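A.B. asks: Protein chains in written order, with this note's numbering: chain B, 1 to 189; chain X, 1001 to 1143.
(1) I need the DSSP call for residue 165 of chain B, collapsed to helix, strand or coil.
(2) Name, going along the chain, the residues of the stretch 1106-1122 of chain X whose beta-carbon falls closer than 7 Å to a beta-carbon of chain B.
(3) Between the stretch 131-159 of chain B and chain X, which residues of the former have CB atoms less than 9 Å from a CB of the latter, in chain order?
(4) For the stretch 1086-1100 of chain X, enumerate the residues whose C-beta is nearer than 8 Å to any C-beta of chain B, in chain order.
(5) Taking 8 Å as the cut-off, does the stretch 1044-1061 of chain X touch the stretch 1092-1099 of chain X (at least 3 CB pairs, one atom from each stretch)?
(6) For the stretch 82-99 of chain B, which residues have a beta carbon sitting closer than 9 Å to at least one beta carbon of chain X?
(7) Measure the C-alpha to C-alpha separation of residue 1124 of chain X and residue 35 of chain B and round it to an integer number of angstroms.
(8) Using the beta-carbon count (16 or more within 10 Å), is residue 112 of chain B buried or exposed?
(9) Name the chain B residues whose beta carbon is nearer than 7 Å to that of residue 1029 of chain X?
(10) Would you check if the distance between the CB atom of residue 188 of chain B and the CB atom of residue 1104 of chain X is smaller than 9 Å?
(11) Look up residue 1109 of chain X in the DSSP assignment and say whether it is helix, strand or coil.
(12) Starting from the beta carbon of residue 114 of chain B, find every residue of chain X whose beta carbon is closer than 9 Å, and list them in chain order.
(13) Between which two residues does the beta strand (DSSP E) holding residue 1070 of chain X run?
(14) Helix, strand or coil for residue 1115 of chain X per DSSP?
(15) Using a Cβ-Cβ distance under 9 Å, would residue 1065 of chain X count as near chain B?
(16) Could you tell me which of B/155, B/182, B/146 sits nearest to residue 171 of chain B, measuring between CA atoms?
(17) Could you have a look at residue 87 of chain B and say whether DSSP puts it in helix, strand or coil?
(18) Are the Cβ atoms of residue 1141 of chain X and residue 1109 of chain X separated by less than 9 Å?
(19) Just to confirm before moving on: does the CB-CB distance between residue 1106 of chain X and residue 1128 of chain X stay below 9 Å?
(20) Please list the terminal residues of the continuous beta strand (DSSP E) segment that includes residue 156 of chain B.
(21) Does the distance from the C-beta atom of residue 100 of chain B to that of residue 1082 of chain X stay below 9 Å?
(22) Whose C-beta lies closer than 8 Å to the C-beta of residue 58 of chain B among residues of the same chain, with five residues either side of it excluded?
(23) Using CA atoms only, rank isn't needed, just tell me which of X/1065, X/1069, X/1075 is closest to residue 96 of chain B.
(24) My assumption, with CB atoms under 8 Å, is that residue 161 of chain B sits in contact with residue 144 of chain B. Please give the rounded CB distance.
(25) Which residues does DSSP pair with residue 1080 of chain X in a beta bridge?
(26) Along the stretch 1046-1066 of chain X, what residues have a CB closer than 7 Å to any CB found in chain B?
(27) First and last residue of the beta strand (DSSP E) that includes residue 176 of chain B?
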């Protein structure tokens, strides 16, 4: 094999590897097949993040629920991020998460953006303030647990997102993704 | 001619020093442990600055922050999905409450603005150890 052919073969292999890497980290499909079928609306300009480390210029609104917009975002290098923000200010997410390795995956079907609140200094017990997040295909609902393991609330997933306006009082210590049959697919912690 | 060149070079040096000494942004900022490094946030970590929790928390001074950001490494180890066993809460606090989002996943970046947590006014940005081993994080807030 001539040097020229070897170089060409190496370039083709490198290109294929790069392409595969981009495909599996775009956020709609990961290495184990988990995905988000909801690709959202048209690409829109993203503004107001003031972040040099995570330069995000474009994104897609996956859904608007309860006055909140849920976004799939893309870093300048193509890596996936997700964000949420006020639906009255589309294009300006107030919170962003750029997970290493992308999202979703079979072992990580939820990206929770829920907000927790504590009012005691002596106890690390936190209650829910707001519920919202993203879920992979196949996740039908998200369960939130009490410290004793009881289910405090079950929030349905629709279009790969979940959101709830009212939250139960009292401490929450974990959450789980369940399928249509109620089978727990994943739990944290 | 040499004097002119020397004068121009001197002016350029002064301008460079002034530019480098000036903050990159006019906005206030807070970083932990520094603006370019990672620190270990565990149950005994504290900035000793009157944070909501006396230990297991790092927090900024009070300010009208624009957002809080954090990056978390795989320390002490990640699974295939970049999950660690160290759980942290990042967000804001004031005299009445602490609010934030949980993460145990290694992330390039996470950001939250105070309004996202239903908070406003003078706040402390915070990152709190919540469970598991220490996490290796770099936290910051801009005002």
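Even glycine gets a Cβ: it sits at the ideal position worked out from N, Cα and C.
Please read all numbers here as calculations on a predicted model, not as lab measurements.
C.D. replies: Considering the structure as presented:
(1) Translated into positions along the first chain, residue 165 of chain B becomes position 165. Here residue 165 of chain B sits in coil by DSSP.
(2) 1106, 1107, 1108, 1109, 1110, 1111, 1112, 1113, 1115, 1116, 1117, 1118
(3) none
(4) 1087, 1089, 1091, 1096, 1097, 1098, 1099, 1100
(5) yes
(6) 83, 84, 85, 86, 93, 94, 95, 96, 97, 98, 99
(7) Looking up residue 1124 of chain X in the second chain gives position 124. Looking up residue 35 of chain B in the first chain gives position 35. Whole-angstrom Cα-Cα distance: 37 Å.
(8) Stepping through the first chain from its first residue, residue 112 of chain B is reached at position 112. Classification for residue 112 of chain B: buried.
(9) For the purposes of this step, residue 1029 of chain X is taken as residue 29 along the second chain, with counting starting at 1. Neighbours of residue 1029 of chain X on chain B: none; closest Cβ ~11 Å, over 7 Å.
(10) Taking the first residue of the first chain as position 1, residue 188 of chain B is located at position 188. Taking the first residue of the second chain as position 1, residue 1104 of chain X is located at position 104. A contact, by the Cβ cut-off of 9 Å.
(11) Locating residue 1109 of chain X in the second chain gives position 109, counting from the first residue. Three-state DSSP puts residue 1109 of chain X in a strand.
(12) By one-based count along the first chain, residue 114 of chain B stands at place 114. Those are 1101, 1102, listed as they occur along chain X.
(13) Taking the first residue of the second chain as position 1, residue 1070 of chain X is located at position 70. Taken as a continuous stretch (DSSP letters only), the beta strand (DSSP E) holding residue 1070 of chain X covers 1067-1072.
(14) The count along the second chain starts at 1 and reaches residue 1115 of chain X at position 115. If DSSP states are grouped into helix, strand and coil, residue 1115 of chain X belongs with the helices.
(15) By one-based count along the second chain, residue 1065 of chain X stands at place 65. Taking Cβ atoms only, chain B never reaches closer than 9 Å to residue 1065 of chain X, which makes this a no.
(16) On the first chain, residue 171 of chain B is found 171 positions in, with the first residue counted as 1. The option with the nearest alpha carbon to residue 171 of chain B is B/146.
(17) Counting from one through the first chain, the residue named residue 87 of chain B turns up at place 87. Note: residue 87 of chain B maps to helix in three-state DSSP.
(18) By 1-based counting over the second chain, the position of residue 1141 of chain X is 141. By 1-based counting over the second chain, the position of residue 1109 of chain X is 109. No, these two residues do not count as a Cβ contact at 9 Å.
(19) Translated into positions along the second chain, residue 1106 of chain X becomes position 106. Translated into positions along the second chain, residue 1128 of chain X becomes position 128. For residue 1106 of chain X and residue 1128 of chain X, no; Cβs fall outside 9 Å.
(20) In the first chain, the residue the question calls residue 156 of chain B occupies position 156. From DSSP, the beta strand (DSSP E) with residue 156 of chain B extends over 151-156.
(21) Within the first chain, numbered from 1, the residue matching residue 100 of chain B stands at position 100. Within the second chain, numbered from 1, the residue matching residue 1082 of chain X stands at position 82. Taking 9 Å as the Cβ cut-off, residue 100 of chain B and residue 1082 of chain X qualify as a contacting pair.
(22) Position 58 of the first chain, counting from 1, holds the residue named residue 58 of chain B. Excluding residues within five positions, the ones whose Cβ falls inside 8 Å are 43, 44, 45, 46, 73, 74.
(23) For the purposes of this step, residue 96 of chain B is taken as the residue at position 96 of the first chain. Ranking the options by Cα distance to residue 96 of chain B, first place goes to X/1069.
(24) By 1-based counting over the first chain, the position of residue 161 of chain B is 161. By 1-based counting over the first chain, the position of residue 144 of chain B is 144. No, residue 161 of chain B and residue 144 of chain B are not in contact; Cβ-Cβ is about 16 Å, not under 8 Å.
(25) The residue given as residue 1080 of chain X occupies position 80 in the second chain. None, per the DSSP bridge assignment.
(26) 1052, 1053, 1066
(27) Taking the first chain and counting its residues from 1, the one referred to as residue 176 of chain B is at position 176. It spans 174-178 - the beta strand (DSSP E) in which residue 176 of chain B sits, taken as one unbroken run.
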